[in-house]
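A short write-up of the structure that comes next.
There are 2 protein chains.
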Amino acid sequence: MKVIMAGFGTVGQGVAKVIEEKNSSIKKRLGEGFEIVGVSDSKGAIYNPEGLNLELLLKIKREKGAVISYPDVEKLKSNEELINREADVLIEVTPTDIESGRAVDDILYAFRSKKHVVTSNKGPLTLNFKGLNEEAAKNGCMFYYTATVGGCTRMIDVGRGLSNGAAIISFQGILNGTSNYILSRMTDEEAPYELILREAQQLGYAETDPSHDVDGIDTACKLVILANSVMGLESSLKDVKIEGITGISEDGVKLAKSDGKVIKLIGEIEKSRLEVSPRLVPKGHFLDISGTLNLGLFKTDFAGDIAIMGRGAGQMETASAILGDLNKIISQTR
Amino acid sequence: MKVIMAGFGTVGQGVAKVIEEKNSSIKKRLGEGFEIVGVSDSKGAIYNPEGLNLELLLKIKREKGAVISYPDVEKLKSNEELINREADVLIEVTPTDIESGRAVDDILYAFRSKKHVVTSNKGPLTLNFKGLNEEAAKNGCMFYYTATVGGCTRMIDVGRGLSNGAAIISFQGILNGTSNYILSRMTDEEAPYELILREAQQLGYAETDPSHDVDGIDTACKLVILANSVMGLESSLKDVKIEGITGISEDGVKLAKSDGKVIKLIGEIEKSRLEVSPRLVPKGHFLDISGTLNLGLFKTDFAGDIAIMGRGAGQMETASAILGDLNKIISQTR
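Protein chains in written order, with my numbering: chain P, 1 to 334; chain C, 335 to 668.
Encoded structure:
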């Protein structure tokens with residue numbers, strides 16, 4: 001199965017690594033493996049219908065910083081040119097961008113040229129969930145985005161599986177590892193937000209610009225995707241009531257702690273109401289997860305309450321969720 | 335889709351209730367619903383190709399104690415006769431029996447007469463996992479048994495989903511609600527095993543004969559099914575090293591507690607080693623779940639550690655898992 005990949009940052013390189021590692025066992029199990037025939041990054045794109053050498057590709061990206069330094073392949077200028085080339089699947093792993101519609105256009109273009117799409121990019125799904133899914137269906141293409149919510153916990157699949165035998169009444173989740181890390185450390189250290197944020201940035205748990213994480217936007221995007229894909233809503237970002245963690249003071253955390261509680265950034269879906277806000281959770285409650293973990297709690301009519309927990313982010317975790325989606329495509333096209 | 339059901343105890347009646355409640359929404363979503371055309375219990379079987387009235391069926395079972403009191407239908411003497419009648423799916427929900435091969439024979443017979451099978455019965459899967467799955471494949475039939483492990487948590491599906499994108503290295507779980515309830519209460523109350531067991535029996539959390547639960551056999555059966563269905567092993571009950579909770583003393587529980595620990599009955603799979611035994615778990619560790627909850631923890635190579643938690647048993651929870659399996663069959667036969 002021929003694959004092209006738009007984006008070759010942390011996630012894209014992770015995908016190349018897992019494919020390199022797992023391809024022979026996938027071939028053995030499913031009769032067919034994956035061949036990466038094209039890749040792009042911000043500096044340009046390359047394509048070789050015979051397939052790229054992944055070890056070499058990773059080395060060149062690491063040493064030269066751009067995939068166009070890969071020798072003896074066709075060089076292309078845009079994702080659109082790349083998507084135009086022959087392949088079965090587009091993996092869209094450019095950074096999440098909820099303002100421009102660039103990734104939306106790339107994915108729509110892929111469907112129109114009859115390519116299945118797998119993405120970890122919350123941007124296009126937040127901007128145009130319905131349009132993308134409709135275009136996929138119209139062209140007989142598969143469209144998977146497991147990595148967008150809760151990473152390797154496969155929260156979307158768990159929710160869909162549940163909804164097969166029960167009605168999901170509500171969802172509560174901790175979906176952003178960065179803000180959960182900051183809140184956990186503020187509680188443990190009784191230290192102010194700014195200090196813990198700087199520490200998290202130094203340790204690589206927070207970006208240089210952490211605004212989407214700490215303002216609740218990242219959690220809100222994930223809620224929109226989950227609500228639309230699992231609970232059948234047609235929501236968008238403007239429907240989410242959002243409050244982040246930047247206003248939480250050292251004193252607020254201490255006060256909660258003295259009362260046996262912790263502050264958590266909770267994303268909640270109930271009927272058509274979507275909300276992201278800091279909430280008080282009793283210490284030891286199972287929403288009281290620490291560090292960079294993610295947790296999703298589905299309340300259902302007949303199946304009771306189901307919780308799933310795991311690492312929500314990380315290069316190999318995200319790549320593993322993408323590989324799972326690729327394997328779904330292979331299984332269903334054979 | 336025509337369904338016959340072998341067994342009409344707590345689980346079977348739950349299935350009738352969820353089908354009654356959800357059938358119209360399933361028809362709307364998938365274009366087809368379920369018609370229960372035959373049912374058996376220990377006193378006999380009934381069949382009506384036009385379908386049974388589920389409300390009446392539940393009332394008759396409740397008031398007369400036997401489905402053969404249902405009016406104006408064909409009465410049959412055995413499950414075999416029932417399975418011989420025209421239908422698309424057999425739901426096998428007789429009580430788990432790991433000694434006799436009766437349910438194995440019924441399921442094999444269903445496959446040979448080209449019926450898909452859904453079961454909540456751990457017995458046949460523990461006794462002859464490979465033979466049943468091979469016979470299903472040979473006859474082009476689907477075979478689902480989500481309800482056998484972790485009930486509504488759909489632990490088998492979660493494990494299979496994970497293994498699509500990562501290798502599962504090991505599994506640890508709390509898979510028996512009764513023994514977990516007893517251990518939790520022994521810790522909270524600092525009371526002896528016998529006293530708490532009697533209390534659990536009065537509250538309906540333990541059977542009159544609780545031996546399979548407290549001896550670890552129930553957990554061992556679930557481990558075998560999980561190991562074979564998710565991790566590709568070919569294990570059977572005799573491969574499991576089993577120690578139950580009956581030997582745990584009040585003093586042992588107190589000693590653990592004074593050391594900040596709790597005793598939990600843990601089922602573990604690591605490579606080809608399967609083991610059920612009481613283990614010390616630090617208080618507050620996420621294996622420290624209380625009451626009748628079930629929890630499964632998958633350790634993977636690329637997707638980190640993933641935990642799933644929910645109610646492992648209960649009439650409607652089990653029925654909901656069975657309905658999920660039925661919906662998988664409808665989706666794949668359309």
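We put the CB at the ideal spot given by N, CA and C, even for glycine.
Give me the chain P residues within the contact set of Met519 (chain C), using Cβ-Cβ distance strictly less than 9 angstroms, ordered along the chain. A small fix is needed here, since residue 519 (chain C) is Arg in this sequence, not Met. Those within 9 angstroms of Arg519 (chain C) in chain P number zero; the least Cβ separation is about 18 angstroms.
Here's the rule I'm using: 16 or more other beta-carbon atoms within 10 Å means buried, otherwise exposed. How should Asp491 (chain C) be labelled? Buried, since its Cβ has 16 or more Cβ neighbours within 10 Å.
Are Asp422 (chain C) and Val337 (chain C) closer than 8 angstroms when you measure CB to CB? yes
In the DSSP assignment, what residue or residues form a beta bridge with Thr300 (chain P)? P:Ile168
Distance, Glu541 (chain C) Cα to Gly232 (chain P) Cα: Using only the alpha carbons, I get a separation of about 40 angstroms.
CB-CB length for Asp288 (chain P) against Val253 (chain P), believed under 8 angstroms: Not really, about 13 angstroms apart at Cβ, beyond 8 angstroms.
Specify the secondary structure class of Arg273 (chain P) as computed by DSSP and reduced to three states. strand
Please confirm whether Val352 (chain C) has its beta-carbon closer than 8 angstroms to some beta-carbon of chain P. yes
Span of the beta strand (DSSP E) holding Ile370 (chain C)? 369-375
Am I right that Asp325 (chain P) and Tyr109 (chain P) are in contact with their C-beta atoms under 8 angstroms? What's the rounded C-beta distance? With a Cβ gap of about 19 angstroms, Asp325 (chain P) and Tyr109 (chain P) do not count as contacting.
Asp97 (chain P) - DSSP class collapsed to helix/strand/coil: Taken through DSSP and simplified to helix, strand or coil, Asp97 (chain P) comes out as coil.
State the start and end residues of the unbroken beta strand (DSSP E) segment that holds Thr460 (chain C). Thr460 (chain C) -> not in any beta strand (DSSP E); alpha helix (DSSP H) instead, spanning 456-472.
Could you say which of P:Glu74, P:Asp215, P:Asn180 lies nearest to Tyr205 (chain P) if we only look at CA atoms? P:Asn180
Chain-ordered residues of the region 479-507 of chain C with a beta carbon less than 9 angstroms from chain P: Cβ contacts with chain P: Thr480, Gly485, Cys486, Thr487, Arg488, Asp491, Val492, Gly495, Leu496, Ser497, Asn498, Gly499, Ala500, Ala501.
What are the start and end residues of each continuous beta strand (DSSP E) run of 3 or more residues lying completely inside the region 523-588 of chain C, in chain order? As far as the region 523-588 of chain C is concerned, its whole beta strand (DSSP E) runs of at least 3 residues are 574-576.
The beta strand (DSSP E) with Ala379 (chain C) in it runs from where to where? 378-381
Say whether the region 45-58 of chain P touches the region 357-373 of chain C, bearing in mind that this needs 3 or more beta-carbon pairs closer than 8 angstroms, one atom from each stretch. Cβ pair count under 8 angstroms is below three, so no.
Would you call the region 525-537 of chain C in contact with the region 607-622 of chain C, where contact means no fewer than 3 C-beta pairs closer than 8 angstroms? no
Which same chain residues end up closer than 7 angstroms to Ile36 (chain P) when comparing Cβ atoms and leaving out the 5 residues on each side of it in sequence? Result list for Ile36 (chain P): Val3, Met5, Ala16, Ile19, Gly51, Leu52, Leu54, in chain order.
Applying the criterion that 16 or more other CB atoms from any shown protein chain within 10 Å of the CB defines a buried residue, is Asp598 (chain C) buried or exposed? Per the sequence shown, residue 598 (chain C) should be read as Lys rather than Asp. Result: buried.
Please look up how many angstroms separate the CB atoms of Lys122 (chain P) and Thr96 (chain P), rounded, as I've assumed it's under 8 angstroms. Correct: roughly 5 angstroms between the Cβ atoms.
Which residues in chain C sit within 7 angstroms of Gly177 (chain P), going by Cβ to Cβ distance? In chain order: nothing, as chain C lies at least about 12 angstroms away.
Span of the alpha helix (DSSP H) around Asp341 (chain P): Because chain P in this structure spans residues 1 to 334, residue 341 (chain P) falls outside the shown range and cannot be described.
Could you check which residue in P:Glu74, P:Gln13, P:Glu81 has the C-alpha nearest to that of Gly65 (chain P)? Each of P:Glu74, P:Gln13, P:Glu81 was checked against the Cα of Gly65 (chain P), and the nearest Cα belongs to P:Gln13.
Can you tell me which of C:Val564, C:Gly550, C:Ala590 puts its alpha carbon nearest to the alpha carbon of Leu571 (chain C)? C:Gly550
Below 9 angstroms between beta carbons is the criterion; list the residues of the region 636-658 of chain C that meet it against any residue of chain P, in chain order. Phe636, Ala637, Gly638, Asp639, Ile640, Ala641, Ile642, Met643, Gly644, Arg645, Gly648, Met650, Glu651, Ala653, Ser654, Ala655, Ile656, Leu657, Gly658
Which bits of chain C does Asn84 (chain P) rub up against, with CB to CB less than 9 angstroms? Those within 9 angstroms of Asn84 (chain P) in chain C number zero; the least Cβ separation is about 28 angstroms.
Could you tell me the alpha carbon to alpha carbon distance between Glu366 (chain C) and Ser665 (chain C), rounded to whole angstroms? 9 angstroms
Would you mind sorting Lys362 (chain C) into buried or exposed? The rule is 16 or more other CB atoms within 10 Å of its CB. With fewer than 16 Cβ atoms within 10 Å of its Cβ, Lys362 (chain C) is classed as exposed.
Closest by C-alpha distance to Ser482 (chain C), when choosing among C:Lys464, C:Ser447, C:Asp552, C:Glu433: Residue identity differs from the one stated: residue 482 (chain C) is Thr in this sequence, not Ser. The candidate whose alpha carbon is nearest that of Thr482 (chain C) is C:Asp552.
Backbone CA spacing between Ser211 (chain P) and Ala655 (chain C) [nearest angstrom]: 41 angstroms
Okay, do the region 493-507 of chain C and the region 463-478 of chain C touch, 3+ Cβ pairs below 8 angstroms being the bar? no
From C:Glu584, C:Gly581, C:Thr634, C:Ser592, pick the residue whose C-alpha is nearest to that of Glu604 (chain C); which is it? C:Thr634
Taking just the CA atoms, how far does Arg273 (chain P) sit from Ile169 (chain P)? 12 angstroms
Nearest CA to the CA of Asn382 (chain C): which residue from C:Glu397, C:Val407, C:Val401, C:Arg396? C:Val407
Rounded to whole angstroms, what is the Cα-Cα separation between Phe342 (chain C) and Ser374 (chain C)? Between Phe342 (chain C) and Ser374 (chain C), the C-alpha separation is close to 6 angstroms.
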